[in-house]
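K.L.:
Residues 1 to 630 (the UniProt record's numbering) are what the sequence shown spells out, left to right. One structure coming up, written as structure tokens, with questions to follow.
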Amino acid sequence: MIKDKFFIIDFDSTFTQVEALDELGEISLKDYEEKAQILEEIKNLTNSAMDGRSSFTEGLTQRLLLLKANKKHLTPLIATLKTKVSDSIRRNKEFFTAFADQILIVSSGFKEFITPIVTEYGIKEENIYANTFVYDENDNIVGFDQENVLCRDKGKIKLLENLALQGDVYVVGDGYTDYEIKEAGLANKFFAFTENVSREAVVAKAEHIAPSFDEFLYQNKLPMAISYPKNRISVLLLENIHPEAVRLFKQEGYQVEIMSTALNEEQLCEKVKNVSILGIRSKTQVTQKVIESANKLMAVGAFCIGTNQIDLKACAKAGIAAFNAPYSNTRSVVELAIGEIIMLSRNIPNKSEKMHQGKWDKSAHNSFEVRGKKLGIVGYGNIGSQLSVLAEAMGMEVYYYDMVEKLQLGNAKKCSSLKQLLSVADIITLHVDGRASNKDLFGPAEFEAMKDGVIFLNLSRGHLVDIPSLVKNIKSGKIIGAAVDVFPYEPANNAEEFVNELRGLPNVILTPHIGGSTSEAQANIANFVPNRIMEYINSGNTYQSVNFPNIQLPELKNAHRLIHVHDNVPGVLANINNVLANHHVNILGQYLKTNENIGYVITDIDKAYDKNLIGDLRNIANTIKFRVLY
1 MIKDKFFIID FDSTFTQVEA LDELGEISLK DYEEKAQILE EIKNLTNSAM DGRSSFTEGL
61 TQRLLLLKAN KKHLTPLIAT LKTKVSDSIR RNKEFFTAFA DQILIVSSGF KEFITPIVTE
121 YGIKEENIYA NTFVYDENDN IVGFDQENVL CRDKGKIKLL ENLALQGDVY VVGDGYTDYE
181 IKEAGLANKF FAFTENVSRE AVVAKAEHIA PSFDEFLYQN KLPMAISYPK NRISVLLLEN
241 IHPEAVRLFK QEGYQVEIMS TALNEEQLCE KVKNVSILGI RSKTQVTQKV IESANKLMAV
301 GAFCIGTNQI DLKACAKAGI AAFNAPYSNT RSVVELAIGE IIMLSRNIPN KSEKMHQGKW
361 DKSAHNSFEV RGKKLGIVGY GNIGSQLSVL AEAMGMEVYY YDMVEKLQLG NAKKCSSLKQ
421 LLSVADIITL HVDGRASNKD LFGPAEFEAM KDGVIFLNLS RGHLVDIPSL VKNIKSGKII
481 GAAVDVFPYE PANNAEEFVN ELRGLPNVIL TPHIGGSTSE AQANIANFVP NRIMEYINSG
541 NTYQSVNFPN IQLPELKNAH RLIHVHDNVP GVLANINNVL ANHHVNILGQ YLKTNENIGY
601 VITDIDKAYD KNLIGDLRNI ANTIKFRVLY
């Protein structure tokens, strides 16, 4: 234990997320019509005092008069404050217990509500310095003990002078009165605590900023509940990712930067330096070169279904877990496909264009119902199989082809070859992945194998289709309608012109890669991917990772978790356990899984161990990445 250090911690907006007197006002003024106006006045007085713009004593006097509070209001206030302890304080409860002799709560608030909160965290009652209320004969709060130095301007300075602490003093707080302790020469360091509120006047004066209590502990090499302060985890989100993802990452305490466009390889190599989490959609290419530039990258999130834009093997070899959203936009793509099948079958694009030109062409020529038509689905994964169900419900006869054995749903018929499917289908729709081997999957031979008068859709990947061949078959009339949502080259942003031979062709629906671009799908994706990534970072779970061995771990309780990523070669697990044995470490639980590239070992151990253990584990041969969760 560090005996020569003292930690001075503020209460309002530091130990708790809120100002206690503001919360007291919510309770005491509950039945007052002018409640909102009074609360606003109280908050203004609080902020003015905390920013150092007004007399603290005068402000405190005015606030208590405005509150109209009674002793009976303190019980519900304490109950409320117990639910509003700052997240990083709650997370580090063990620190407060372990260092109870050296932690002092110094607050201009009141002991009556501070003591029941902080003592639950092991803080000693004799180390709580705060004001006390004065009551009238009816238990109304009418003032404060004016003999207490903390009710006066510069009261914290006077208290610290009186205490004359022998040792280094560290102050953590959000207010100007906390900074004044350091300014008066009574503290070695002042940390402006900004987890709950950031006061510009205070931050401007502070030499050190603590966005969380984790950061304070980290900077001072003190034991903490997590292996790395969350505010040190930086997130880069490209391609206009849904705001829900931003909210979730920020809520977790991560630092988030957003960009509306994709970046090319050179730009991304520069931008990804010092980034912990990278979020992309379909345009950004995460190449080997990008990964080599990513010195701190822990995870990549593809906010879409496909992951072909990510070099998954290179990520795995660098110990970077990758996640995607395999189901989140499935319904949106399927609905677009159904809508386009109906529109093309009814020749709507041509009819609509003529109407816009003032031409009334009321004709049933090339206009058909979809009921009874044969739908050929190429790729029977999440999208293809769901499309199969909806199409069959509309009366279509469904055929599908997939290179992998898939169980058909409903009455769908499996074709033994792509050629067989092309020979029978009236409508053909592509729903395969974008792996390199699928390039030009549909070229001259495939279009030649189709029936005359077919309808063709590609809502999967642009490079699957040879565009000149598609154009030729539309112009010849072999294909009487087409819908294309993806293209071999797509504009980097909305300002760039879309140039493609398909423009202007009859009965062709062109959409700008919006198959999964619905509010529902984007919100689902923005919820799904961050949660997978945060589970991986916070607990080591790799469930639904696309490049790591999938392990779903139990909750970490009263242990440290060692996470070891290594090349998949024999003997690594034995070496890990030898190191643990040599350090006399008790293993509480151990989990191992491998894939063709890497091994993933998670070991839960007792909290007490020789710190040299960590270095020895990092130095095991074939180690790719190692980290500890506390």
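The beta carbon of each residue, even a glycine, is placed where N, CA and C say it ideally should be.
Assign residue 368 to one of three DSSP states: helix, strand, or coil.
P.N.:
Three-state DSSP puts residue 368 in coil, outside helix and strand.
K.L.:
Please classify residue 352 as buried or exposed, where buried requires at least 16 other C-beta atoms within 10 Å of its C-beta.
P.N.:
Residue 352 is exposed by the Cβ-count criterion.
K.L.:
Please specify which runs of the alpha helix (DSSP H), each continuous and at least 4 residues long, are wholly inside the region 119 to 191, giving them in chain order.
P.N.:
Complete alpha helix (DSSP H) runs here, min 4: 155 to 163 and 176 to 183.
K.L.:
Mapping DSSP to helix, strand and coil, what is residue 108?
P.N.:
It is a strand residue.
K.L.:
What residue ranges within the region 194 to 262 form continuous alpha helix (DSSP H) runs of no fewer than 4 residues, ordered along the chain?
P.N.:
Taking only runs of at least 4 residues, the alpha helix (DSSP H) segments lying wholly in the region 194 to 262 are 200 to 205, 213 to 219 and 243 to 251.
K.L.:
Between residue 629 and residue 585, is the Cβ-Cβ spacing less than 8 Å?
P.N.:
No, they are not a contact pair.
K.L.:
Within 10 Å of its beta-carbon, does residue 339 have 16 or more other beta-carbons around it, so buried, or fewer, so exposed?
P.N.:
When all chains shown are included, residue 339 counts as exposed.
K.L.:
DSSP has residue 604 in a bridge; who is on the other side?
P.N.:
According to DSSP, which records beta bridges pairwise, residue 604 is partnered with 561 and 589.
K.L.:
For residue 135, does the count of other Cβ atoms within 10 angstroms reach 16, so buried, or fall short, so exposed?
P.N.:
Label assigned to residue 135: exposed.
K.L.:
By the 10 Å Cβ neighbour count, where 16 or more other Cβ atoms means buried, how is residue 120 classified, buried or exposed?
P.N.:
Under this definition residue 120 is an exposed residue.
K.L.:
Would you list the residues sitting across from residue 545 in a DSSP beta bridge?
P.N.:
Its beta-bridge partners are 323.
K.L.:
Could you give the DSSP three-state label for residue 1: helix, strand or coil?
P.N.:
Low local confidence applies: a pLDDT of 39 at residue 1 is under 50, so the model's placement there is unreliable, and no value is given.
K.L.:
In angstroms, rounded to a whole number, what distance separates the CA positions of residue 61 and residue 523?
P.N.:
Approximately 48 Å, taken between the alpha carbons.
K.L.:
Mind checking residue 182: buried by the 16 CB within 10 Å criterion, or exposed?
P.N.:
Counting Cβ neighbours within 10 Å, residue 182 comes out buried, since at least 16 surround it.
K.L.:
With DSSP as the reference, label residue 482 as helix, strand or coil.
P.N.:
Of the three classes helix, strand and coil, the one that applies to residue 482 here is strand, per DSSP.
K.L.:
Is residue 599 helix, strand or coil when you go by DSSP?
P.N.:
If DSSP states are grouped into helix, strand and coil, residue 599 belongs with the strands.
K.L.:
Taking 8 Å as the threshold, find out whether the region 70 to 85 comes into contact with the region 169 to 179 through three or more Cβ pairs.
P.N.:
Too few Cβ pairs lie closer than 8 Å, so no.
K.L.:
Among the residues of its own chain, which have a CB less than 7 Å from the CB of residue 402, if the five just before and after it don't count?
P.N.:
Same-chain partners within the cutoff: 379 and 380.
K.L.:
State the Cα-Cα distance for the pair residue 343 and residue 474, rounded to the nearest angstrom.
P.N.:
In a straight line, the C-alpha of residue 343 is about 16 Å away from that of residue 474.
K.L.:
Enumerate in chain order the residues of its own chain whose CB-to-CB distance from residue 551 is below 6 Å, with the five nearest sequence positions on each side excluded.
P.N.:
Cβ within range, chain order: 542, 591 and 593.
K.L.:
With DSSP run on the structure shown, which of helix, strand or coil describes residue 442?
P.N.:
Strand, per DSSP.
K.L.:
Where DSSP assigns a beta bridge to residue 306, which residues make up the other side?
P.N.:
Partner(s): none; residue 306 has no beta bridge.
K.L.:
From the DSSP output, which residues share a beta bridge with residue 300?
P.N.:
Answer by DSSP bridge pairing, in chain order: 278 and 322.
K.L.:
Rank 249, 171 and 243 by C-alpha distance to the C-alpha of residue 10 and give the top, closest one.
P.N.:
It is 171.
K.L.:
By the DSSP assignment, the alpha helix (DSSP H) with residue 96 in it spans what residues?
P.N.:
Segment 93 to 98, the alpha helix (DSSP H) holding residue 96.
K.L.:
Go ahead and pull the three-state DSSP assignment for residue 615.
P.N.:
Three-state DSSP puts residue 615 in a helix.
K.L.:
How far does the beta strand (DSSP E) with residue 430 in it reach, from first residue to last?
P.N.:
Counting along the chain, the beta strand (DSSP E) containing residue 430 begins and ends at 427 to 430.
K.L.:
My output table needs one value for residue 339: the three-state DSSP class, helix, strand or coil.
P.N.:
Reduced to three states, the DSSP call for residue 339 is helix.
K.L.:
Per DSSP, residue 627 is paired with what?
P.N.:
Paired residues: 563.
K.L.:
Does the distance from the C-beta atom of residue 105 to that of residue 128 stay below 8 Å?
P.N.:
Closer than 8 Å, so yes.
K.L.:
Should residue 14 and residue 86 be called a contact, given that it needs their Cβ atoms to be closer than 8 Å?
P.N.:
Yes, they are a contact pair.
K.L.:
Helix, strand or coil for residue 494 per DSSP?
P.N.:
Coil, per DSSP.
K.L.:
Please confirm if the region 444 to 459 is in contact with the region 415 to 427, defined as three or more CB-CB distances below 8 Å between the two stretches.
P.N.:
With a cut-off of 8 Å, the region 415 to 427 and the region 444 to 459 count as touching, because enough Cβ pairs lie within range.
K.L.:
Out of 430, 267 and 454, which has the shortest C-alpha to C-alpha gap to residue 367?
P.N.:
Considering only alpha carbons, the answer is 454.
K.L.:
I'd like the list of long-range same chain contacts for residue 444, defined as Cβ closer than 6 Å, with 5 residues on each side in sequence excluded.
P.N.:
Counting only Cβ-Cβ distances below 6 Å, and skipping sequence neighbours, we find 469.
K.L.:
Less than 8 Å between the C-beta atoms of residue 375 and residue 398, yes or no?
P.N.:
Cβ distance < 8 Å, so residue 375 and residue 398 count as in contact.
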